Structures are given as structure tokens and as C-alpha cells.
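Residue numbers (our numbering): -18 to 193.
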């Protein structure tokens, strides 16, 4: 997956001078930072452009990341770890519908910030790998859904995992709509919330049959 640091002489790094290891770590950090910045602006940015932005040569870049897919995997792993820490600070107490709206807004800020990076990852990585990045954040969504089901504000006739997948799909669908120019970033959170809250609401009881 990410950031396998190789020795300059092609070895496994055993016995390498401490300064060389420190240099390698700095290079990896610079490459990941540069890739995050470049790909968040231009999802088609080349490895050469990333190397130039990081201040390293192509040989150095490829010594740490053997392919564009490997680099993207490392970058997205780091981004999602940061995102998970940010989402852990979202207040999910109180009414579950209001908590869901807060979680949507916070999640959307992250998706909007990195939607072009997400697009770059989608060009290179399998869909199931991209979904794996979201396992921890979606675990938080599932916990909120279960709580809302217990309190009666969310429906109980659909699997929790499916409802979390709907949450994931709607937010990422909004990012794709923005990329296609059919939705604005400013309007997206309201559209997402207006889609999810009715979808998660308990079904209304059937009206009694009219007497004849």
C-alpha cells in the first residue's frame, strides 16, 4: 500500500545511516504533501509534476512509490485518517435527525475539499478500495442510524448497512454532480440533507380503507 521506503542501494535499509533514513522520511512526507496539493487542484497531475512540487527527482519519487496508484493510495489513506479525526469532533448528541444534518455538513466540507483528489483516486483505484477508506467514518454513520432507530426517528425496515451506503452514495454523488457542473458546492449540503432525512424517516402508517 503506502510509502514503502527503499534503500538507495536497492537493499532493505538494514544498516543504512540514520541520516539517510531521516532524508527518506522527509522525502516521503514532502511527496505526500505535494501529491495531496497537486491532485486536489488537478486530478490528472503527473508523477513528474508531483516530484517537481515536492522538490525531488522522478527517481526519488519512484523509489518510494512505484506507481501512480500506489501514491494515490498512500495520499488517500492519510487524507481519510485526517478526515476521521475531524469527524470524531462532530457533536452527535441530541435529536438524531439534527445530528445527521451536522454530520452531513461536516462530511461534506471534507468531501468538497478533496473531491478532485477523490476523482483522481477513482481513476486509478478499484471502487472497493475507495469504499474501504470510508469504513471508519461509515461506522460512525451506522452508530447514529442505530440510535435513531431505537428512538423512533429513523426507519427500521431497511438494513443499517444499506442506509449507511445511501449516506455514502448521496454525498459522493453530490461531488460528481459538482464535477459535472449540475450542482453548486454551496447548495450541496442542503440538497444532501433534504434527500437523506426523508429517505431515513419511518414510513407513514397506511391510511385506513375508506368505508363504503
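The C-beta atom is built at its ideal place from N, Cα and C for all residues, glycine as well. Here the structure is a predicted model, which is why all the values come from computation and not from measurement.
In whole angstroms, what is the alpha-carbon distance linking residue i and residue j?
i           : j           : result
residue 14  : residue 89  : 22 Å
residue 60  : residue 136 : 32 Å
residue 22  : residue 97  : 7 Å
residue -8  : residue 116 : Only weak support exists for where residue -8 lies, its pLDDT of 45 falling under 50; the coordinates are left without a value.
residue 99  : residue 112 : 11 Å
residue 68  : residue 3   : 32 Å
residue 94  : residue 131 : 34 Å
residue 122 : residue 57  : 20 Å
residue 30  : residue 158 : 27 Å
residue 196 : residue 83  : Because the chain in this structure spans residues -18 to 193, residue 196 falls outside the shown range and cannot be described.
residue 16  : residue 176 : 33 Å
residue 171 : residue 5   : 45 Å
residue 44  : residue 101 : 21 Å
residue 110 : residue 1   : 32 Å
residue 114 : residue 66  : 13 Å
residue 9   : residue 87  : 29 Å
residue 40  : residue 149 : 38 Å
residue 160 : residue 37  : 31 Å
residue 85  : residue 18  : 24 Å
residue 129 : residue 46  : 43 Å
Measure the Cβ-Cβ separation of residue i and residue j and say whether it is below 8 Å.
i           : j           : result
residue 178 : residue 125 : no
residue 12  : residue 35  : yes
residue 108 : residue 91  : no
residue 147 : residue 78  : no
residue 24  : residue 104 : yes
residue 138 : residue 182 : no
residue 169 : residue 155 : yes
residue 42  : residue 32  : yes
residue 206 : residue 152 : Residue coverage of the chain in this structure runs from -18 to 193, which leaves residue 206 outside it and unanswerable.
Using 8 Å for Cβ pairs, my map puts residue i next to residue j. What's the rounded Cβ distance?
i          : j          : result
residue 28 : residue 49 : 6 Å
Three or more C-beta pairs below 8 Å linking the stretch 163 to 176 and the stretch 126 to 142: no
Stretch pair the stretch 40 to 53 + the stretch 68 to 77: three plus CB contacts closer than 8 Å: no
Contiguous beta strand (DSSP E) assignments of at least 3 residues, all confined to the stretch 105 to 182: none
Every unbroken alpha helix (DSSP H) inside the stretch 61 to 104 [4 residues or more]: 77 to 94
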